[in-house]
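Below is one structure, written out as structure tokens; the observations come after it.
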Amino acid sequence: MNREDFPMLKEELVYLDNAATTLKPQIVIDAICDYYTNYSVNAYRGNYSLSYKVDLEFEKARDDIAKFINAKTEEIIFTSGTTASLNMIVSGFFDHIVEPGDEIIISKAEHASNVLPWFRLANKHNLKIVYAPIDANMHITLEGIKSVITPKTKVIALAEITNVIGDVRPIKEISKIAHENNIFVVVDGAQSVPHKKTDVEDLDVDFLVFSGHKMCGPTGIGVLYGKKELLEEIDPLYLGGGMNESYENEKEMFLKDIPHRLEAGTPHIAGVIGLGAAVNYLKEIGMDNIYAHEIKLKTYLIDKLNSLGYINIINDEEGSGIVSFNVDGIFAEDVSYYLNK
């Protein structure tokens, strides 16, 4: 991964906001432009050569993304992002399996997108929100999770890496104890999938979600991974073109198989193709190489910040590339404004 790969970095730009969104390498921009320039037609709607090409490129991207996280191709659902994916899981799956009194384990360090949908579900069905304990180092531990599991626990929903503290949660171990207790596991992978090797088979999670724009891909495209047997139980939030086999009267409609059943309407074709290019870009570099480089940069940054004497590092020991800090006596937004100048 070189600065030369990113058009925006040809100028003297120091970009420190990758946890919010990443810059785009030229190879991703080219893939998107190629679609819009040379074969900008709809997917799954035509019987002519350009339409066939779109279909092939679209499904190639799905296959590449599936391999990137060691999933089956049909287990990849395209959405508009992590937020949409989480809402689909909550409203399309859990809404019709929870019962009053069931418990949902989340944490107080989650992104709003992994909190608010659960709040709404809890209010609708009289469920209990349970917060996973956070230790003195602001970590969620396996023992902490075990301490709040009860016979009423229905689902554990956590980020693998949080967007502020950057701590890495023991998702594989949490999944094991959860499944031993017949509990579902939903993982927000927005900050982990772009930065470290992800193997959903090894993690054994039920659902995992992530966004394209945080991994050198376009905005407006995201992924919902789910075990196929669970995806088949999701009630589609949207009905329309592309997801139905046929309908004959007001009470008879026959839907396509997964994944297309959950992708009603014209998809974000350019976004899917762009995300496929981004995944292949990251794969070529190697996720282990990316992770090692990020940790090297983080260590360098922390050493330099500590040498100043007035910086309070919040997460200097965390196993991700996220660095959070305060400047003594100065409000964080003022620091950001000053650095921007």
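Counted from 1, the sequence shown has number 157 at position 157 by the working numbering; the numbering is strictly sequential. C-beta: ideal position from N, C-alpha, C; glycine also.
Member of Ile32, Lys304, Ile77, Ala71 whose CA lies at the smallest distance from the CA of Glu57: Position 57 of the sequence shown holds residue 57. When only C-alpha atoms are compared, the closest one is Ile32.
Nearest candidate by alpha-carbon position, reference His293, set Leu262, Val223, His195: For the purposes of this step, residue 293 is identified with residue 293 of the sequence shown, where counting begins at 1. The shortest Cα separation from His293 among Leu262, Val223, His195 belongs to His195.
Spatial distance of Glu110 from Leu50 (CA atoms): As a position in the sequence shown, residue 110 is number 110, starting the count at 1. As a position in the sequence shown, residue 50 is number 50, starting the count at 1. Glu110 and Leu50: Cα-Cα distance of roughly 43 Å.
Leu324, enclosing beta strand (DSSP E) - first and last residue: Numbered from its first residue, the sequence shown carries residue 324 at position 324. The question names Leu, yet the displayed sequence has Ser at residue 324. It is not in any beta strand (DSSP E) - Ser324 carries neither H nor E in the DSSP assignment.
Assigned exposure category for Tyr225 - 16 Cβ within 10 Å defines buried: Start at 1 with the first residue of the sequence shown, and residue 225 comes out as number 225. So Tyr225 counts as buried.
9 Å Cβ cutoff met for Ile104 and Ala157: The sequence position of residue 104 within the sequence shown is 104, counting from 1. The sequence position of residue 157 within the sequence shown is 157, counting from 1. Closer than 9 Å, so yes.
Thr22 and Val223 closer than 9 Å at C-beta: Along the sequence shown, read from residue 1 onward, the residue named residue 22 stands at position 22. Along the sequence shown, read from residue 1 onward, the residue named residue 223 stands at position 223. Going by C-beta atoms, Thr22 is not nearer than 9 Å to Val223.
Contacting residues, own chain, Cβ-Cβ under 6 Å from Leu133 (five flanking each side not counted): Start at 1 with the first residue of the sequence shown, and residue 133 comes out as number 133. Here residue 133 turns out to be Pro, not Leu, going by the sequence shown. The answer, listed in chain order, is Gly144.
Three-state class that DSSP yields for Tyr131 in the structure shown: Working through the sequence shown from its first residue, we reach residue 131 at position 131. DSSP places Tyr131 in strand when its eight states are reduced to three.
Sequence ranges, alpha helix (DSSP H) only - wholly within the segment 177-224, length at least 4: 200-203
Residue from Phe331, Leu208, Leu121 whose Cα sits closest to the Cα of Ile129: Position 129 of the sequence shown holds residue 129. Checked all of Phe331, Leu208, Leu121; the closest Cα to Ile129 is Leu121.
Close beta carbons around Phe207, own chain, < 6 Å, minus the five adjacent residues each side: Looking up residue 207 in the sequence shown gives position 207. The residues are Ile89, Val186, Gly226.
Euclidean distance between Cα positions of Phe331 and Lys214: What you label residue 331 is simply residue 331 of the sequence shown in a count that begins at 1. What you label residue 214 is simply residue 214 of the sequence shown in a count that begins at 1. About 26 Å.
Touch test, the segment 168-175 against the segment 197-205, Cβ-Cβ under 8 Å, three pairs minimum: yes
For Asn114, the three-state DSSP class (helix, strand or coil): To locate residue 114, count along the sequence shown from 1; it is residue 114. Reduced to three states, the DSSP call for Asn114 is helix.
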